[in-house]
Amino acid sequence: MGQESFIYSFVARGTMVLAEYTEFTGNFPAIAAQCLQRLPSSNNKFTYKCDHHIFNFLVEDGYAYCVVAKESVGKQISFAFLERIKADFKKRFGGGKADTAVAKSLNKEFGPLMKEHMQYIIDHADEIEKLLKVKAQVSEVKSIMLENIDKTIERGENLAILSNKAENLHDSDVARLHLDRYTMIPYSRTIPIYTR
């Protein structure tokens, strides 16, 4: 992954950009701001494509984290970057300064950190991709295990019901056999047997 993989990044509260970073000139900030205006406020991930560039957004708890990347950069790598800046931003500014900051007032403090995170992701892209694949596999295995546990529990409940029904059936059969034995005794005594 080249140095120009990530082009622009920002952190916003609502639609107000608090910190941004780019080394490039262009209309990326304006396009990203337009995309930001259209984002739903729900916690989620969003991706927009424009002129061979991908605008990735991570929205969480009223804050939007954005990175503009070249089309060649995988979506997972972009979101790994966004998760890193989200964690760092929350650690540094969560629950206080970010809630009252004005537009672009955190550029000096957080802009250089976004640059560092970009460089880290670029330098460690292969390892991050491997890690993300392993996480996806673990998630898939976990999902399958939970599904199997649910089926086993359901099967166990069905087996318990069948076992109870079998016991009830067995108990009623034993009672019927005992009852039949006692009801046949009087008949055998009253019926005369003739032999020749």
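Position 125 of the sequence shown, counting from 1, maps to 125 under UniProt numbering, and the rest follow consecutively. Idealized CB from N, CA, C, for every residue including glycine.
Separation of residue j from residue i, as counted between CA atoms
| i | j | result |
| --- | --- | --- |
| Y21 | V134 | 31 Å |
| residue 207 | K70 | This structure leaves residue 207 out entirely; the chain is present only between 1 and 196. |
| I153 | I121 | 43 Å |
| residue 216 | Y48 | This structure cannot settle anything about residue 216, because the visible part of the chain is limited to 1 through 196. |
| N164 | V138 | 38 Å |
Bounding residues of the beta strand (DSSP E) (the contiguous stretch that carries residue i)
| i | result |
| --- | --- |
| N56 | 53–60 |
| K70 | 63–70 |
DSSP-derived helix/strand/coil call for residue i
| i | result |
| --- | --- |
| T22 | strand |
| V134 | helix |
| S163 | helix |
| A12 | strand |
| V17 | strand |
| V102 | coil |
| S42 | coil |
Residues bridged to residue i (per DSSP)
| i | result |
| --- | --- |
| T47 | N56 |
| F110 | Answer is none; F110 lacks a bridge partner. |
| F93 | DSSP, once it has assigned bridges, lists no residue as partnering F93. |
| F6 | A69 |
Run of the alpha helix (DSSP H) containing residue i, from where it starts to where it stops
| i | result |
| --- | --- |
| P29 | 28–38 |
- prompt: Is there contact between the stretch 1–15 and the stretch 57–69, where contact requires at least three CB pairs shorter than 8 Å?
  reply: By the Cβ criterion, the stretch 1–15 is in contact with the stretch 57–69, since at least three pairs of Cβ atoms, one from each stretch, lie closer than 8 Å.
message: Below 8 Å, how does it come out for the stretch 85–93 and the stretch 105–114: are there three or more Cβ pairs, yes or no?
response: The stretch 85–93 vs the stretch 105–114: in contact.
query: How about the stretch 22–37 and the stretch 134–152: do they share at least three Cβ pairs that are nearer than 8 Å?
result: Touching, no.
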